[in-house]
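Structure, as structure tokens:
Numbering (the numbering used here), first residue to last: 106 to 167.
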């Protein structure tokens, strides 16, 4: 099965490709970098608890 790489748009073979759905490790890392730099985002409301603590947390180290 032929697929199109979501990063560079080159055509690659699905079955023989260890980096699928990307055509290469380079394209896979480019995509990861875009997620890490927040260039890609999932739409939705911002979290209400901005300090990444659970609502029941009392901020004490145990």
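Ideal Cβ placement from N, Cα and C applies to all residues, glycine included. Nothing here was measured: the structure is a model prediction, and the numbers come from that model.
Outcome for residue i when other beta-carbon atoms lying within 10 angstroms are tallied against a minimum of 16
| i | result |
| --- | --- |
| residue 128 | buried |
Where residue i falls: helix, strand or coil (DSSP)
| i | result |
| --- | --- |
| residue 135 | helix |
Residues near residue i by beta carbon distance below 7 Å, same chain, minus five either side
| i | result |
| --- | --- |
| residue 130 | 124 |
Cβ shell of residue i (< 6 Å), same chain only, five flanking positions each side left out
| i | result |
| --- | --- |
| residue 145 | 139 |
| residue 136 | 112 |
Inter-residue CB distance, residue i and residue j (contact presumed, cutoff 8 Å)
| i | j | result |
| --- | --- | --- |
| residue 132 | residue 112 | 4 Å |
Proximal residues to residue i (C-beta, below 8 Å), its chain only, five neighbours per side dropped
| i | result |
| --- | --- |
| residue 106 | 118, 119, 120 |
Delimiting residues of the beta strand (DSSP E) encompassing residue i
| i | result |
| --- | --- |
| residue 147 | Here residue 147 belongs to no beta strand (DSSP E), and DSSP marks it neither H nor E. |
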